[in-house]
Amino acid sequence: MPHILNSIRDIFAYSSKRKRPDAQQYGILNAANNEAMLQFAEACVLQQMAPWADATIKLREIQPAIDNAVENECTIFVIQIDGSSATLKDKAQAAYFRTVGAPMQVFEDRAYHYWQHISEALKLAPIPGRFEIAVDTGDMRGDCSAFPLFTFQKQRGSRNILLPDHEFMEYAYFENLPHETTEYEEKKTLASFYGSSTSGGLPITMEAAVNLEIPRLRAAAFFKNTPHVEFSITQLVQCFGPGVEEYLRSLGYGGKVVDWSECLKGKFILSLDGNGATCSRVSRALLSNSALIKYKSENVLFYSDNLIPWLHYIPVSEDAEVLTVVAEELNHPGKYKFIAEASRDFSAAHLSKQSLLLYTSKLLNSYWNKFVYT
Numbered sequence: 013m014p015h016i017l018n019s020i021r022d023i024f025a026y027s028s029k030r031k032r033p034d035a036q037q038y039g040i041l042n043a044a045n046n047e048a049m050l051q052f053a054e055a056c057v058l059q060q061m062a063p064w065a066d067a068t069i070k071l072r073e074i075q076p077a078i079d080n081a082v083e084n085e086c087t088i089f090v091i092q093i094d095g096s097s098a099t100l101k102d103k104a105q106a107a108y109f110r111t112v113g114a115p116m117q118v119f120e121d122r123a124y125h126y127w128q129h130i131s132e133a134l135k136l137a138p139i140p141g142r143f144e145i146a147v148d149t150g151d152m153r154g155d156c157s158a159f160p161l162f163t164f165q166k167q168r169g170s171r172n173i174l175l176p177d178h179e180f181m182e183y184a185y186f187e188n189l190p191h192e193t194t195e196y197e198e199k200k201t202l203a204s205f206y207g208s209s210t211s212g213g214l215p216i217t218m219e220a221a222v223n224l225e226i227p228r229l230r231a232a233a234f235f236k237n238t239p240h241v242e243f244s245i246t247q248l249v250q251c252f253g254p255g256v257e258e259y260l261r262s263l264g265y266g267g268k269v270v271d272w273s274e275c276l277k278g279k280f281i282l283s284l285d286g287n288g289a290t291c292s293r294v295s296r297a298l299l300s301n302s303a304l305i306k307y308k309s310e311n312v313l314f315y316s317d318n319l320i321p322w323l324h325y326i327p328v329s330e331d332a333e334v335l336t337v338v339a340e341e342l343n344h345p346g347k348y349k350f351i352a353e354a355s356r357d358f359s360a361a362h363l364s365k366q367s368l369l370l371y372t373s374k375l376l377n378s379y380w381n382k383f384v385y386t
């Protein structure tokens, strides 16, 4: 599916004042929006199923591999689908995994959210059969080529099949958030990041901390005492070895968690990967009246490759590029307002609860047709 907004003319159109439609136009607009939602969902499903296009396997053939993964991996759960209902199957090994220190409550909570989400999606389009899917609720699952595994993020090129990330469900699809009243032009010219020291699953050793080998620690050091950029490590996690956390605290890292409202005070919200792709940081930034500055990443969510750089977000590869963006906004106030507007439109059109349920429904039906139905 071609992007709806992909020409220079379309991009600059966002810089001009858009007229509010009158009442007579709403019926036409709603029909067009529903069609666009359907096209987007179908395009995303094609993207997720493409790596399996040439596969000839059926679920009955790979069931032993799925059962083995569920038994040996603390983050993999099974959801059984039967027509218009879904059942989250008990994980018999959960008690054992707790004894070896696995954060099972986190993984189980995510699995519960997926069961609820899938149950609601099946009401849109029941599937005429009974089958099981394997869902990995962990952060850093590698490519699974033995069988089609559902995850919420992956590295670009992986065969894993992406569901909407669990933070949509945990935040009730952001439907209950207070409406943001501060417009882009009323905000401070500030780019901000408040988050943890997550390090892509790698332990933060003393050597890694001192040499700034962790991207978020590197960025925090680079932007320290820099006007118009606030990059704050508010939570220290994944520290490994004696003295590492104390050393980082001596540098001013760690402290209390900062409310999301602080991010909304600035014109720019920064996203830099931690344990894989950032989830609600990106989706909430797209929903806001601020513009998203997104560091280059090979970790993707189900909709990531449909975001257009320089329209829905500002792409950067290096820390210094953030300073360039901020300087341009200072010299030309309102320069990036069109990105805040376009990203908000993208969120409204494609990341609403209705859109996410439609995508999940289409995805499950595609999985059924490919791997189950004969």
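Residue numbers (this note's numbering): 13 to 386.
Just so you know, even glycine gets a beta-carbon here, dropped at the ideal spot from N, CA and C.
In this text the structure is predicted, and so the values were computed from the model without any measurement.
Runs of the alpha helix (DSSP H) lying entirely within the stretch 94-166, each at least 4 residues long, are 106-111, 116-136 in chain order. For the set T99, C156, F143, the Cα lying nearest the Cα of E132 is the one of T99.
Judged by DSSP in its simplified three-state form, Q366 adopts helix. Following the DSSP letters along the chain, one finds S283 in no alpha helix (DSSP H) but inside the beta strand (DSSP E) bounded by residues 278-283. Relative to Y259, the option among W272, S300, T217, F280 whose CA is nearest is T217. Judged by DSSP in its simplified three-state form, N311 adopts strand.
When DSSP assignments are scanned along the stretch 236-292, the uninterrupted stretches of beta strand (DSSP E) that are 3 or more residues long and fall wholly within it turn out to be 241-247, 278-283. Contact annotation, S283 with L248: C-beta distance approximately 20 Å; criterion of less than 8 Å not satisfied. With 16 or more other Cβ atoms inside 10 Å of its own Cβ, K166 counts as buried. A check of alpha carbon separations from V328 across A158, E73, K306, K349 identifies K306 as the nearest.
Y325 sits in a strand when the DSSP states are folded into three classes. Residue burial annotation: E341 is buried, with at least 16 other C-beta atoms found within 10 angstroms of its C-beta. Take I139, set aside five residues on each side of it, and the residues of its chain with a beta-carbon closer than 7 Å to its own are I93, G95, L376, N377, W380, in chain order.
Note that the C-beta distance between D177 and A62 is not below 9 Å. Between the stretch 301-320 and the stretch 237-244 there are fewer than three C-beta pairs closer than 8 Å, too few to call the two in contact.
Within the same chain, D151, M152, T210, G212, G213 come within 7 Å of N287 by CB-CB distance, once the 5 residues on both sides are set aside.
Proximity to R296 across A220, I226, E225, N188 peaks at N188, based on C-alpha coordinates. In the DSSP annotation of this structure, the continuous segment of the beta strand (DSSP E) that includes F205 starts and ends at 200-208.
If you draw a straight line from the Cα of R122 to the Cα of H344, it comes to about 44 Å.
L174 carries a strand assignment under DSSP once its states are collapsed to helix, strand and coil. F235 is positioned such that its CB atom lies closer than 9 Å to that of V334.
When only Cα atoms are considered, L161 and I173 end up about 6 Å apart. Taking 9 Å as the cut-off, the Cβ atoms of I74 and A158 count as close. In the three-state reduction of the DSSP assignment, L376 falls in the helix class. Here the C-alpha atom of F383 lies approximately 35 Å from the C-alpha atom of H324. Spanning the alpha carbons of T372 and I130 requires a straight line of approximately 7 Å.
Per DSSP, reduced to three states, the secondary structure at L304 is strand. Only buried fits V337, as 16 or more other CB atoms lie within 10 angstroms of its CB. Nearest in C-alpha terms to I351, of all of D271, E195, D331, is E195. Note that the C-beta distance between E182 and S292 is below 9 Å. Setting aside the 5 residues that flank it on each side, S367 is surrounded in the same chain by M49, F52, A53, A361, each with a C-beta closer than 8 Å to its C-beta; the list follows chain order.
For N84, the enclosing alpha helix (DSSP H) begins and ends at 71-84.
Note: F52 is not bridge-paired with any residue in the DSSP secondary-structure output.
The continuous stretches of alpha helix (DSSP H) do not include L319, and DSSP gives it neither H nor E. Excluding sequence positions up to five before and after N301, its CB lies within less than 8 Å of the CB of E192, T194, E195, Y196, K199, L276, A352, R356, all in the same chain and listed in chain order.
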